[in-house]
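Novice: Got a structure here, written out as structure tokens. Questions coming.
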Amino acid sequence: MEMQVPGFKNIHNRFKLNGYHFSRENLNDVAYTFIKEGKPHEREIGNFLLDWLDQKDYVEVQTSGSTGAPKRIRLDKNKMVNSAIATGNHFKLEVGDRALHCLSANYIAGKMMLVRAMILGLEIDIVPPDKYPLLYNEKEYDFCAMVPMQVKYSLEELHRVKKIIVGGAPLTPGLKAELQSIPSYIYETYGMTETITHIASRKVNKFKKGKEYTYFKVMSGVNISTDDRSCLVIDAPNVSDEKVVTNDVVNLLSKRKFEWLGRIDNAINSGGIKLFPERIEAKLDTIKKPYFVTGMPDENLGEKVVLIVECAKEEVVALVKKQIEEAGLEKYEKPKEVIALQKFVRTLNDKIIRTETLALIEKS
Numbered sequence: 001m002e003m004q005v006p007g008f009k010n011i012h013n014r015f016k017l018n019g020y021h022f023s024r025e026n027l028n029d030v031a032y033t034f035i036k037e038g039k040p041h042e043r044e045i046g047n048f049l050l051d052w053l054d055q056k057d058y059v060e061v062q063t064s065g066s067t068g069a070p071k072r073i074r075l076d077k078n079k080m081v082n083s084a085i086a087t088g089n090h091f092k093l094e095v096g097d098r099a100l101h102c103l104s105a106n107y108i109a110g111k112m113m114l115v116r117a118m119i120l121g122l123e124i125d126i127v128p129p130d131k132y133p134l135l136y137n138e139k140e141y142d143f144c145a146m147v148p149m150q151v152k153y154s155l156e157e158l159h160r161v162k163k164i165i166v167g168g169a170p171l172t173p174g175l176k177a178e179l180q181s182i183p184s185y186i187y188e189t190y191g192m193t194e195t196i197t198h199i200a201s202r203k204v205n206k207f208k209k210g211k212e213y214t215y216f217k218v219m220s221g222v223n224i225s226t227d228d229r230s231c232l233v234i235d236a237p238n239v240s241d242e243k244v245v246t247n248d249v250v251n252l253l254s255k256r257k258f259e260w261l262g263r264i265d266n267a268i269n270s271g272g273i274k275l276f277p278e279r280i281e282a283k284l285d286t287i288k289k290p291y292f293v294t295g296m297p298d299e300n301l302g303e304k305v306v307l308i309v310e311c312a313k314e315e316v317v318a319l320v321k322k323q324i325e326e327a328g329l330e331k332y333e334k335p336k337e338v339i340a341l342q343k344f345v346r347t348l349n350d351k352i353i354r355t356e357t358l359a360l361i362e363k364s
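Residue numbers for the sequence shown follow full-length UniProt numbering, beginning at 1 and rising by one.
What follows is the structure, encoded as structure tokens:
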């Protein structure tokens, strides 16, 4: 007998929000209360709940720009249900598991935490989506989704969550190193709005035999390939009617595993050699100040490798140059210049916006 998959109109009878059971009808009242009387993050949740509970079979969401210019797209609600079930199976979530919601419901990751709770029967608590999500209570949780900034500021409290998925931006090598002593299971995820959050993940800590995983493993029902640019192409019919062509250059290791090399729009062509800033940055984990690697015009090389560091003092620049020399970079990977900026431009999730930050250099 084939197992029946719930539709978007189904609310699991074990679902709890902030400690209370709610039926589909009751959730409408909760949504209106959040919108009318709630704090900003609660109003975001109220707005999404109303969208989820209406008669339309889709919700409109804003893409982040991972596969092109940011735009509004429609996501099929039943495909969002499929995504929730896939996450539950992949991370072995169970009915009644306690979950923490600490992301903005304006974006797909925050929306999907609510969908997972309603479909899988999780008991979910809502806290503001700020840097310190685990300081609002002393409870223990089974599951939580965070951005790297929240992980960074929650190191002393992460042990209270059994499984943590991290997305929105790559984890820095320095932060990964700090996570090795955390008892929680922590996973870095790969995905985007068009794929209804993650379609692949990799362990960040608790490695078997101490061997680090450098590759992402795709979830069940996902097929991957590359285009003529060596960029990842995702075929996931359960969550998207069309193949999703990304701007992420990858090394395909098998039908289910890939190594992420970097964004093709960040690639540097230096003297005919294609370099990915993200790969160079991964080798510079001794640099404690925020930084990123980019390419700048050069008469001889076409583009030269440059490191931009967020600091105001020259002695920091001197230290960074020393750390670069000690990092074991290949000759062609070594930054030819280090530029200091007092303040980087960032998203609300603390992700550095490289193009706008570089524009500050051109203006100075």
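Yeah, the Cβ is synthetic: ideal placement off N, Cα and C, and Gly gets one too.
What separation, rounded to the nearest whole angstrom, lies between the Cα atoms of G7 and I308?
Specialist: Residue 7 sits at position 7 when you count from the first residue of the sequence shown. Residue 308 sits at position 308 when you count from the first residue of the sequence shown. Using only the alpha carbons, I get a separation of about 48 Å.
Novice: In the DSSP assignment, what are the bridge partners of Q62?
Specialist: As a working mapping, residue 62 is identified with position 62 in the sequence shown. Bridge partners of Q62: R72.
Novice: Return the CA-CA distance between Y153 and V293, expressed in angstroms with no decimal places.
Specialist: In the sequence shown, counting from the first residue as 1, residue 153 sits at position 153. In the sequence shown, counting from the first residue as 1, residue 293 sits at position 293. Distance between the alpha carbons of Y153 and V293 is about 24 Å.
Novice: What residue ranges within the segment 209-282 form continuous beta strand (DSSP E) runs of no fewer than 3 residues, ordered along the chain?
Specialist: Counting only runs of 3 or more, we get 216-218, 223-226, 231-235, 244-252, 257-263, 268-270 and 273-275.
Novice: Do you know offhand how far Q180's Cα is from I165's?
Specialist: Counting from 1 along the sequence shown, the entry for residue 180 is found at position 180. Counting from 1 along the sequence shown, the entry for residue 165 is found at position 165. The straight-line gap from Cα to Cα measures roughly 15 Å.
Novice: If you compare alpha carbons, which of R116, G110 and V115 is closest to V127?
Specialist: Taking the first residue of the sequence shown as 1, we reach residue 127 at position 127. When only C-alpha atoms are compared, the closest one is G110.
Novice: Within 8 Å of any Cβ in chain C, is that where the Cβ of L93 sits?
Specialist: Note that chain C does not occur in the displayed structure, where there is just one protein chain.
Novice: Taking C-alpha atoms, which residue in M80, L17, T246 and K321 lies nearest to V59?
Specialist: Your numbering for residue 59 matches position 59 in the sequence shown. That would be M80, whose Cα lies nearest to the Cα of V59.
Novice: Run through DSSP, which three-state label would L100 get?
Specialist: Counted from its first residue, the sequence shown places residue 100 at position 100. Three-state DSSP puts L100 in a strand.
Novice: Any idea if G271 is buried or exposed, counting beta-carbon neighbours within 10 angstroms, 16 or more meaning buried?
Specialist: As a working mapping, residue 271 is identified with position 271 in the sequence shown. Answer is exposed; the Cβ neighbour count stays below 16.
Novice: Which same chain residues, not among the five before or five after P290, have their C-beta less than 8 Å away from its C-beta?
Specialist: Along the sequence shown, one-based indexing puts residue 290 at 290. These residues qualify, in order along the chain: V309, E310, F344 and I352.
Novice: Would you say L341 and T357 are within 8 Å of each other, going by their C-beta atoms?
Specialist: Taking the first residue of the sequence shown as position 1, residue 341 is located at position 341. Taking the first residue of the sequence shown as position 1, residue 357 is located at position 357. Cβ distance < 8 Å, so L341 and T357 count as in contact.
Novice: What's the C-alpha gap between L100 and V305?
Specialist: Along the sequence shown, read from residue 1 onward, the residue named residue 100 stands at position 100. Along the sequence shown, read from residue 1 onward, the residue named residue 305 stands at position 305. Going by the C-alpha atoms only, they are around 41 Å apart.
Novice: Tell me the rounded alpha-carbon separation between W260 and K313.
Specialist: Here the question's residue 260 lines up with position 260 in the sequence shown. Here the question's residue 313 lines up with position 313 in the sequence shown. Going by the C-alpha atoms only, they are around 34 Å apart.
Novice: Mapping the DSSP letters down to three states, classify A169 as helix, strand or coil.
Specialist: Stepping through the sequence shown from its first residue, residue 169 is reached at position 169. A169 falls in the coil class under three-state DSSP.
Novice: Return yes when the Cβ of L49 is within less than 8 Å of the Cβ of V61, no when it is not.
Specialist: Translated into the one-based positions of the sequence shown, residue 61 becomes position 61. Translated into the one-based positions of the sequence shown, residue 49 becomes position 49. No, these two residues do not count as a Cβ contact at 8 Å.
Novice: If we ignore side chains and look at the alpha-carbon of each, how far apart do I287 and K321 end up?
Specialist: As a first step, residue 287 is located in the sequence shown; it is residue number 287 there, counting from the start. As a first step, residue 321 is located in the sequence shown; it is residue number 321 there, counting from the start. Taking the straight line joining both Cα atoms gives about 10 Å.
Novice: Which same chain residues end up closer than 6 Å to N266 when comparing Cβ atoms and leaving out the 5 residues on each side of it in sequence?
Specialist: The sequence position of residue 266 within the sequence shown is 266, counting from 1. The residues are P277.
Novice: Is the Cβ-Cβ distance between L120 and V95 less than 8 Å?
Specialist: Your numbering for residue 120 matches position 120 in the sequence shown. Your numbering for residue 95 matches position 95 in the sequence shown. Yes; because the gap between Cβ atoms is below 8 Å, this pair is in contact.
Novice: Report buried or exposed for E362, applying the criterion of at least 16 other Cβ atoms within 10 angstroms of its Cβ.
Specialist: Against the sequence shown, residue 362 aligns to sequence position 362. Exposed: under 16 other Cβ atoms inside 10 Å.
Novice: For I196 versus S83, is the C-beta spacing smaller than 8 Å?
Specialist: One-based indexing of the sequence shown puts residue 196 at position 196. One-based indexing of the sequence shown puts residue 83 at position 83. Yes; because the gap between Cβ atoms is below 8 Å, this pair is in contact.
Novice: Starting from L341, follow the alpha helix (DSSP H) in both directions and report where the run begins and ends.
Specialist: Looking up residue 341 in the sequence shown gives position 341. That residue, L341, is in no alpha helix (DSSP H); its beta strand (DSSP E) goes E337 to L341.
Novice: Three or more C-beta pairs closer than 8 Å, one from the segment 123-138 and one from the segment 32-48: is that the case here?
Specialist: The segment 123-138, when compared against the segment 32-48, does touch it at the 8 Å Cβ threshold.
Novice: CB-CB under 6 Å to D51, same chain, minus the five flanking residues each way: which ones, in chain order?
Specialist: Here the question's residue 51 lines up with position 51 in the sequence shown. These residues qualify, in order along the chain: V59.
Novice: Give the C-beta separation of R279 and G302 to the nearest angstrom, bearing in mind that I take them to be a contact with Cβ-Cβ under 8 Å.
Specialist: For the purposes of this step, residue 279 is taken as residue 279 along the sequence shown, with counting starting at 1. For the purposes of this step, residue 302 is taken as residue 302 along the sequence shown, with counting starting at 1. Actually they do not touch by this definition, with Cβ atoms about 19 Å apart.
Novice: In three-state DSSP terms, what is F8?
Specialist: Taking the sequence shown and counting its residues from 1, the one referred to as residue 8 is at position 8. Of the three classes helix, strand and coil, the one that applies to F8 here is coil, per DSSP.
Novice: Can you tell me whether DSSP reads E123 as helix, strand or coil?
Specialist: In the sequence shown, residue 123 corresponds to position 123, counting from 1. If DSSP states are grouped into helix, strand and coil, E123 belongs with the strands.
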